[in-house]
Amino acid sequence: MTRIVRAWLARRWISVTVDGDSMRPTFNPGDRVLARRITAPPRTGDVVVIEAPVLSGNRSTWDLPPPGPGDLDRQWLIKRVAAIGGDLVPPTAAGVLAAGQVVPPGSVLVVGDNPSRSHDSRHLGPVPVNRVIGRVVPSPWSRAA
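When we follow our numbering, the leftmost residue of the sequence shown carries the number 3, and every step to the right adds one.
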C-alpha cells in the first residue's frame, strides 16, 4: 500500500484493540474495532474512541493539542456516550458530576458497558469533545450500536 493511501486512511479511520473488561459484553479483550474519525459531534448511545488523559507530573495529555492521525503513541479508551453537553447527567454516569447536573458545553460523559470494571466519566469527569477521536462502526462480530 502506498504511503499516500495509508495517510489518507489514517485521516479517516482508526483501528483499536480492546484491552480490558470495561466494554463487556459488547467487546472482549483482544477484539479489534474500527472507528471512523469524528466529523460530527457524537450522540448519546454512540460507542466512541477517546483519548485517555494520561498524567505526566501535574499535567495530563489533555493539556496538549488534540491528537491527529499521526499521534499513535497516545492511549485510547473505548466507551459509550451517556450524555452530551447541555444534557442532564444520568444516574448511570454520575460521579465527578452529580446526577441531574448539566453536562458542560463542548463535553461528553462516557461510560463502559460493564460499569463495575470501567474507568470512565464517573471517575474522569466530562471528556472534551475534541478528545473524542472516532465513532466505532458496527461489525458482524460485535454488538456495537
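Beta carbons: idealized from backbone N, C-alpha and C, even for Gly.
Here the structure is a predicted model, which is why all the values come from computation and not from measurement.
_Checking 9 Å against the spacing of the C-beta atoms, do residue 83 and residue 50 come in under that value?_
Contact flag set, yes.
*Among residues of its own chain, excluding the 5 on either side of residue 120, which ones have a beta-carbon nearer than 6 Å to its beta-carbon?*
Excluding residues within five positions, the ones whose Cβ falls inside 6 Å are 24 and 114.
*Counting only the same chain and skipping the five closest in sequence on each side, list residues whose C-beta sits under 8 Å from that of residue 20.*
By the criterion of a C-beta distance shorter than 8 Å, residue 20 is surrounded in its chain by 29, 30, 31, 32, 33, 34, 35 and 80, once the five residues flanking it on both sides are discounted.
*Taking the CB atoms as reference points, tell me whether residue 38 and residue 14 lie closer together than 9 Å.*
Closer than 9 Å, so yes.
*How would you call residue 6, buried or exposed, if buried means at least 16 neighbouring beta carbons within 10 angstroms?*
Of the residues assessed, residue 6 falls on the exposed side of the cut-off, its CB having fewer than 16 other CB atoms within 10 angstroms.
*How far does the alpha helix (DSSP H) with residue 124 in it reach, from first residue to last?*
Residue 124: member of the alpha helix (DSSP H) spanning 123 to 126, first to last residue.
*Span of the beta strand (DSSP E) holding residue 37?*
Residues 34 to 39.
_Based on DSSP bridge pairs, tell me the residues matched to residue 130._
Partner(s): 109.
*Do residue 129 and residue 104 have their C-beta atoms within less than 9 Å of each other?*
In this structure, residue 104 does not lie closer than 9 Å to residue 129 by Cβ.
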